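Student: Here the protein sequences line up with chains A and B, keeping their order. Per the working numbering, the very first residue in the first sequence carries number 1; after that it's consecutive. Per the working numbering, the very first residue in the second sequence carries number 1001; after that it's consecutive. Okay, handing you the structure first.
Protein chains: 2
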Amino acid sequence: MKINDVINAISHPIRRDIIKRLRKASLSAGELSQTYVVSKPTMSVHFKTLKAAELIYAQRAGNHIIYHLNTTVAEEALILIAQLLGTSEPQAHTDHNHRTSHEKIL
Amino acid sequence: MKINDVINAISHPIRRDIIKRLRKASLSAGELSQTYVVSKPTMSVHFKTLKAAELIYAQRAGNHIIYHLNTTVAEEALILIAQLLGTSEPQAHTDHNHRTSHEKIL
DNA sequence: TACTTATTTAGCTTATAATCTAATTAGAGT
DNA sequence: ACTCTAATTAGATTATAAGCTAAATAAGTA
């Protein structure tokens, strides 16, 4: 799992919405594409980006391609992002955290 | 807090590293910039991106600008990302989750 | 006031991402 | 084999992001 690929994948609103929908149920490329006002090839590129991040995987069912969420990768990525943005570990105290009189917030 | 701005901000390795360092201690622009092999103006743009996401804020101390992590925004963003990538809520069962014989994973 | 240091802004170039239309591939049904 | 539908790939355009050097700003010090 490459965190760069995952963050890149979730950096577009359409791709985030795809993830949210696939959390509820797996859906075909066509079903997913209907919702958005972009062309099908554009949607195909979004799927590719999500696949590159391994957040989704594809399964052929006859004429259709059904996309599934890869929950394992999603969870692993979330753990890394939590380490970045979370405040579970308390902040260390250093001299930089001292304030002196002439400092002002910009 | 705009999740788009935050995800955009954390989409670059240098900016993620800045966040990690500011979790431990607030640092000046110069101290932060030393570490990376890009020019200072480039670093300044990275700071701007992080400021636009409100993940950091600046404070002038004489000649220096000290950057601080905005932990509130970081935590709020993490909650939204957890709603996207987390599997706390169990996945709903739908017909799409049934498998039929001729389906194969790609 | 002039000089020095720290940082940002301006202007430019190059790389990457998003989007489109047209063409191609793959399977299902006739 | 032909045709229909679903989805992707190819090729092009446009927008955005990342990087650089040079110039500007802001504060501190001689």
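For every residue, glycine included, the Cβ atom is placed at its ideal position computed from N, Cα and C. Values in this document were obtained by computation on a predicted structure and should not be read as measured data.
1) Which residues bound the alpha helix (DSSP H) around B/I1010?
2) Counting beta carbon pairs with one atom in the segment 1019-1032 of chain B and one in the segment 12-30 of chain A, are three or more of them shorter than 8 Å?
3) Considering only residues of the same chain and omitting the five flanking positions on each side of B/R1015, which have a CB-CB separation below 7 Å?
4) Determine the contact status of B/H1068 and B/Y1057, defining contact as a CB-CB distance below 7 Å.
5) Quick check on the burial criterion: 16 or more other C-beta atoms within 10 angstroms. Buried or exposed for B/R1023?
6) What is the DSSP secondary structure of A/L69, counted as helix, strand or coil?
7) Just the chain B side, please: which residues come within less than 9 Å of A/L84 by C-beta, in chain order?
8) Tell me whether A/S44 sits in a helix, a strand or coil according to DSSP, three-state version.
9) Kindly say whether B/I1056, judged by its beta-carbon, lies nearer than 7 Å to any beta-carbon of chain A.
10) Drop a sphere of 10 angstroms on the beta-carbon of A/V6, count the other beta-carbons inside from all chains shown, and report buried for 16 or more, exposed for fewer.
11) Does A/Q91 come out as helix, strand or coil in the three-state DSSP assignment?
12) Determine the closest residue to A/E54 out of B/V1073, B/L1085, B/P1013 and B/E1054, with distance taken between C-alpha atoms.
13) How many angstroms separate the CA atom of B/G1062 from the CA atom of B/A1077?
14) Please check if any C-beta of chain A sits within less than 7 Å of the C-beta of B/T1049.
15) Comparing C-alpha positions only, which one of B/T1087, B/M1001 and B/N1070 sits nearest to B/I1018?
16) So with CB distances below 8 Å, who are the chain A contacts of B/N1063?
17) B/A1074 to A/R21, Cα distance in whole Å?
18) When you compare only the Cα positions, how much space is there between B/Q1083 and B/V1038?
19) Considering only residues of the same chain and omitting the five flanking positions on each side of B/A1025, which have a CB-CB separation below 8 Å?
20) Do A/I81 and B/I1003 have their beta-carbon atoms positioned less than 7 Å apart in this structure?
Tutor: By the coordinates alone:
1) For B/I1010, there is no enclosing alpha helix (DSSP H), as DSSP gives it neither H nor E.
2) Look at the beta carbons and you see the segment 12-30 of chain A not touching the segment 1019-1032 of chain B: under three pairs across the two are nearer than 8 Å.
3) For B/R1015, where only same-chain residues beyond five positions count, the Cβ hits under 7 Å are A1009, H1046, T1049 and L1050.
4) Here B/H1068 is near B/Y1057, since their CB atoms are less than 7 Å apart.
5) Result: buried.
6) The DSSP-derived three-state label of A/L69 is strand.
7) For A/L84, the C-beta contacts it makes with chain B under 9 Å involve I1010, R1016, I1019, K1020, R1023, A1074 and L1078, in order along the chain.
8) It is helical.
9) Chain A contact via Cβ: absent.
10) By the neighbour-count criterion, in which a residue is buried when 16 or more other Cβ atoms sit within 10 angstroms of its Cβ, A/V6 is buried.
11) Confidence is the limiting factor: at A/Q91 the pLDDT is only 44, short of 50, which leaves the residue's position unreliable, though a coordinate-based value still follows. In the three-state DSSP reduction, A/Q91 falls in the coil class, being neither helix nor strand.
12) Out of B/V1073, B/L1085, B/P1013 and B/E1054, B/L1085 has the C-alpha closest to the C-alpha of A/E54.
13) B/G1062 and B/A1077: Cα-Cα distance of roughly 32 Å.
14) By this cut-off, B/T1049 is not an interface position.
15) The shortest C-alpha separation from B/I1018 is found at B/N1070.
16) Simply none; closest approach about 11 Å.
17) Rounded to whole angstroms, the separation of the alpha carbons of A/R21 and B/A1074 is 25 Å.
18) Computed Cα separation, rounded: 35 Å.
19) Around B/A1025: no qualifying Cβ.
20) Contact: no.
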